Amino acid sequence: MKADNILRCAQGLFLMPALLLAACAMRGPAADAGPAATVERLEIVSRKPAFGATRFGDAGEYEIVVAIAHVKTNPAHPGNRSIVDLAAAADADGMVRYRTDVVILRPRASDKASRVLVFDVANRGRKLMLPLVDDGDLQADTAAQAGNGWLMRQGHTMLWVGWQGDITLDKSGQNLGMALPVATDRGAPITGTSLEEMVFDAPGSVGAMPLSYPSATPDPARAELTVRARPGAPATVLPADAWRFKSASEIEIKRPAGFDAGAIYQFRYEARDPRPMGLGMAAVRDVVSFLKSAQPDAAGQPQPLADIKPDVTVALGISQSGRFLRDFIWQGFNAAPGGGRVFDAAMPTISGSRKSFTNVRWAQPGRYSRQHEDHGYYGDQFPFGYATITDPVSGRTDGIFARCRTDDTCPKLMHVDSNLEFWQGRASLVVTDGAGRDVALPDDVRAYLMSSTQHVTAGSPTAGICQLPNNPARQSSTYRVLLTRLVAWARGAQLPPPSRYPSVAGGTLVEPERAAMGFPDVGKLGLTLPLALNELNPVDHSVTPARADTGRRYKVLVPRTDADGHDLAGIRVPDIEAPLATHTGFGLRKPGFAEGQLCGLNGSYLPLAKDAQERSAKQDPRRSIAERYPTRTAYVQGVRTSAERLKAEGLMLDEDVARVLDVAAKDARVQALPQ
1273 MKADNILRCA QGLFLMPALL LAACAMRGPA ADAGPAATVE RLEIVSRKPA FGATRFGDAG
1333 EYEIVVAIAH VKTNPAHPGN RSIVDLAAAA DADGMVRYRT DVVILRPRAS DKASRVLVFD
1393 VANRGRKLML PLVDDGDLQA DTAAQAGNGW LMRQGHTMLW VGWQGDITLD KSGQNLGMAL
1453 PVATDRGAPI TGTSLEEMVF DAPGSVGAMP LSYPSATPDP ARAELTVRAR PGAPATVLPA
1513 DAWRFKSASE IEIKRPAGFD AGAIYQFRYE ARDPRPMGLG MAAVRDVVSF LKSAQPDAAG
1573 QPQPLADIKP DVTVALGISQ SGRFLRDFIW QGFNAAPGGG RVFDAAMPTI SGSRKSFTNV
1633 RWAQPGRYSR QHEDHGYYGD QFPFGYATIT DPVSGRTDGI FARCRTDDTC PKLMHVDSNL
1693 EFWQGRASLV VTDGAGRDVA LPDDVRAYLM SSTQHVTAGS PTAGICQLPN NPARQSSTYR
1753 VLLTRLVAWA RGAQLPPPSR YPSVAGGTLV EPERAAMGFP DVGKLGLTLP LALNELNPVD
1813 HSVTPARADT GRRYKVLVPR TDADGHDLAG IRVPDIEAPL ATHTGFGLRK PGFAEGQLCG
1873 LNGSYLPLAK DAQERSAKQD PRRSIAERYP TRTAYVQGVR TSAERLKAEG LMLDEDVARV
1933 LDVAAKDARV QALPQ
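Residue numbers (our numbering): 1273 to 1947.
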């Protein structure tokens, strides 16, 4: 195997050395035998009016196109050699064929289109851009599902492509999936060790655990099931009669006494039939590039964007999709095989410092590390930030932009996080090294903190398995304005606002403890700081489960707060700047559900006392609503001041200023105040 082939395989993968070399050895000849991929056919499943034929200002009506891309991929092409197990899934002619879902939302009249293509990386097959940016719905059938219709009013074309190989091809446009071939060893099944983890988070004596890959054998002696109460606690190996294979793809567990609903179950077993999950990255690269080209497919059929060829392409990744987008860039897939960039600009959001568990054998793209769950899976190791640095913990030199710098394919990028990502996603490592020292962002990167918000805004505060209700502080106005600034930046029209992210030098990135944070002492009110965040050690993936090097640890920091517990740094929307409650990105699990551990993706919401008398009775150190706002007019003015300041700084749109003022005037929490 040629040296350049090994190097291309080594860049951008998490594989341990032995598996890395084995994977690269399967790549086939080093010579380029043709194009990286060909869209053999874009099968149009349906094409109809969207949102009940609603008109969106000057952009007019939209239509939704649902299609299936039939793609042929060349394992020998240099741009594909890093895709694990690709050649092992080839047909007799050496090519790999797969199908993937495609959904397009576009103006019906091409002359109304902005020529901006916004690609929303599907999140577990879902179209999250519509609810998070437009306050709309996951689907686009009725007028009500359009929300405020902001994306459509801009005239933007929106695109989704299936990339997650463990989601079934859907064909309906409801969810985005793929149909991938199985990798084999010259026709024989490939087997190996895979690991599942599950936290039931519901009471019960019996539970079912689905398997990501079918079991290679029903022999229970070839598998092991363990349970532990907390991460880091000793694991109890459950006897063979405590579980059984319900099928090759599911086991049933008799949940043991002595463990609550938050217990962590791990199942290690011999799996078979891996799929080349990294094709999801190639699918995004190749289908987006094909649609941008406006050229017909290989069958000669015109494609749905032939009349509105985009001149700017922007990628938005939300949560899992943000991790995928960072991984996509890091592994070099933003380089279009025909030259240039796939995406001119990118916005990975609420991803923290992580990447994804995608381009690896036995990949599970839905996995992601949190403080209580999923430790030891791929996707959370160095590099974390965009600048190329030498990591003081692992000793490696790398950066998310390291590879795209070599061929000038880095996009202009906005990295956007909530407060939760600092606790659960180690977001401080985006802007610091492993020893807790600031690392400057590259000139083509901005970072923004959506101050004191949780992962995704709660529709209404509810507690669930958490100790306190979750956090309703709003984010959508920030998404809208940052997308506006990102498009303008991609077009070269205007630089975006400076980064709004905490830093060590600014005194806004600190140790995760109350004195350093400046967090109010509201423990008597039920809001306590976590005892731990999602810590990180270097991990040895040559064994399953992976083994953490406990002798080395990354220094992970969190934002400093004001006296209300709100982040000092970041984009402070009126919910935070003119507060009626304390909002945090962290929440804690309640008794019976691994009490005291971080509560998934939920933050906390602790209302202020209504007046000084209630504050005194509750021993609440925070000023009450009445002490802050003597009248309803005073509250609305506080919201106005906050919104107008953000607008002046380029961080809130005019329409959102009006929107937050309208909401503030009707807020039930201040109706008891004098007019």
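Here a beta-carbon is modelled for each residue, glycine too, at the ideal position from N, C-alpha and C.
Everything numeric in this text was worked out from a predicted model, so none of it was measured.
Beta-carbon proximity check, residue i vs residue j, cutoff 8 Å
i     : j     : result
V1811 : G1648 : yes
V2000 : V1665 : This structure cannot speak to residue 2000, because the chain is shown only from 1273 to 1947.
Q1436 : P1637 : yes
D1569 : R1917 : no
D1473 : I1737 : yes
A1543 : P1461 : no
D1545 : V1586 : no
A1866 : R1502 : yes
P1582 : V1337 : no
S1623 : G1572 : no
S1690 : G1857 : yes
R1425 : G1329 : yes
F1323 : A1381 : no
I1355 : G1604 : no
V1702 : H1687 : yes
A1699 : S1724 : no
R1595 : G1651 : yes
S1372 : G1434 : With the sequence shown as reference, residue 1372 is identified as Thr, and Ser is not the correct amino acid for it. Yes, these two residues count as a Cβ contact at 8 Å.
G1859 : M1722 : no
T1681 : R1598 : no
R1861 : G1534 : yes
D1438 : S1466 : no
K1827 : A1707 : yes
For residue i, the residue or residues it bridges with in DSSP
i     : result
Y1751 : Partner(s): none; Y1751 has no beta bridge.
S1876 : T1856
T1780 : Beta-bridge pairing links T1780 to no other residue.
C1738 : R1861
A1659 : None, per the DSSP bridge assignment.
M1722 : S1690 and I1843
V1499 : T1508 and Y1537
Y1334 : P1379
T1991 : Given a span of 1273 to 1947 for the chain in the structure shown, any question on residue 1991 remains unanswerable.
P1461 : T1456
I1622 : Answer is none; I1622 lacks a bridge partner.
H1342 : R1313 and R1371
Residue nearest to residue i in terms of C-alpha spacing, selected from the options
i     : options                       : result
T1854 : Q1592, P1817 and L1740        : L1740
R1675 : Q1567, A1659, P1511 and D1892 : A1659
N1395 : S1628, A1881 and K1526        : S1628
A1881 : Q1891, L1873, R1547 and N1874 : Q1891
P1493 : V1509, G1504, L1483 and A1501 : For the sequence presented, residue 1493 should be read as Ala rather than Pro. Comparing Cα-Cα distances from A1493 to each of V1509, G1504, L1483 and A1501, the minimum goes to V1509.
R1540 : T1498, K1581, P1655 and A1505 : T1498
V1556 : D1821, T1729 and D1392        : D1392
L1563 : Q1575, A1554 and G1552        : Q1575
D1679 : G1611, T1662 and Q1653        : G1611
E1783 : H1813, E1849 and T1833        : T1833
G1837 : I1843, I1848 and K1827        : I1848
T1756 : S1814, A1735, N1742 and V1584 : V1584
G1823 : G1530, E1807, E1899 and Y1907 : E1807
V1845 : A1906, L1805, R1900 and R1912 : R1912
D1793 : R1633, P1893, T1662 and L1448 : P1893
I1523 : P1490, M1619, E1335 and W1761 : P1490
S1593 : A1514, A1618 and A1944        : A1618
P1770 : G1667, N1420, H1644 and P1714 : P1714
A1930 : V1908, Q1567 and E1921        : V1908
P1528 : S1477, S1521, A1850 and V1454 : S1477
Q1653 : G1779, L1754, A1818 and A1512 : A1818
Y1901 : I1661, L1852, R1772 and S1888 : L1852
S1749 : D1926, D1939 and M1367        : D1926
Integer Cβ distance of residue i from residue j, believed to fall under 8 Å
i     : j     : result
A1362 : P1347 : 6 Å
R1752 : W1432 : Their Cβ separation, rounded to whole angstroms, is 19 Å, which puts R1752 and W1432 out of contact at 8 Å.
M1924 : A1915 : 6 Å
A1385 : T1326 : Incorrect: roughly 17 Å between the Cβ atoms, too far for contact.
K1443 : V1311 : Not really, about 17 Å apart at Cβ, beyond 8 Å.
I1525 : E1469 : Contact flag wrong, Cβ pair sits at about 12 Å.
Q1869 : H1727 : Going by Cβ atoms, the distance from Q1869 to H1727 rounds to 16 Å, so no, they are not a contact pair.
S1625 : F1656 : 4 Å
4 or more residues per run - each alpha helix (DSSP H) lying fully within the region 1371 to 1406: 1401 to 1406
Taking only runs of the beta strand (DSSP E) that begin and end inside the region 1889 to 1936, which ones reach a length of at least 3 residues, in chain order? none
Return the chain-ordered ranges of every beta strand (DSSP E) run that is complete within the region 1510 to 1573 and spans a minimum of 3 residues. 1515 to 1519, 1522 to 1526 and 1536 to 1544
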